[in-house]
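Student:
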Amino acid sequence: MTEDQVKQIVIDIINEIAPDEDTTGLKSDVALREQMDLDSMDFLDIVMELRKQHGIEVPEADYPELASLDSCANYLTPKFNEK
Numbered sequence: 001m002t003e004d005q006v007k008q009i010v011i012d013i014i015n016e017i018a019p020d021e022d023t024t025g026l027k028s029d030v031a032l033r034e035q036m037d038l039d040s041m042d043f044l045d046i047v048m049e050l051r052k053q054h055g056i057e058v059p060e061a062d063y064p065e066l067a068s069l070d071s072c073a074n075y076l077t078p079k080f081n082e083k
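Residue 6 in UniProt numbering sits at position 6 of the sequence shown, and the numbers go up by one each step.
1) What residues in its chain sit with their C-beta under 8 Å from that of Glu-21, if we drop five residues either side in the sequence?
2) Under a three-way DSSP split, which group does Ser-68 fall into?
3) When the distance is taken between beta carbons, is Ile-9 closer than 8 Å to Asp-42?
4) What does the alpha-carbon distance come out to for the pair Lys-27 and Ser-68?
5) Mark Val-6 as exposed unless 16 or more other C-beta atoms lie within 10 angstroms of its C-beta, in which case mark it buried.
6) According to DSSP, simplified to helix, strand and coil, what is Ala-31?
7) As a quick exercise: from Ala-73, Ser-40, Leu-66, Ile-56, pick the residue whose alpha carbon is nearest that of residue 104.
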């Protein structure tokens with residue numbers, strides 16, 4: 001799986017949990033919470049959906065790795081490719 005595919009998975013999950021958010025112009029190097037109105041519950045929902053939909057576990061200590069689309073891709077791509 002490529003980093004771009006992982007970014008799209010994260011965007012798809014955001015669209016599911018926060019359908020009112022516009023994800024079309026997201027900058028991949030800027031923190032998601034700075035670009036959108038995501039609270040801590042939304043963030044936890046992203047983590048839960050990664051586990052539920054894709055079997056990807058993200059320990060709480062690694063949550064900062066999911067700050068931006070780029071950091072999500074860097075962190076999650078190896079996890080997807082291990083499966």
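Where a beta carbon is used, it is the ideal one built from N, C-alpha and C, also for glycine.
Tutor: Working from what's here:
1) Closer than 8 Å at the Cβ level, and outside the excluded window around Glu-21, lie Ile-14, Asn-15, Met-36, Asp-37, Leu-38.
2) strand
3) no
4) 8 Å
5) buried
6) strand
7) This structure gives no information on residue 104, because the portion of the chain shown stretches from 1 to 83.
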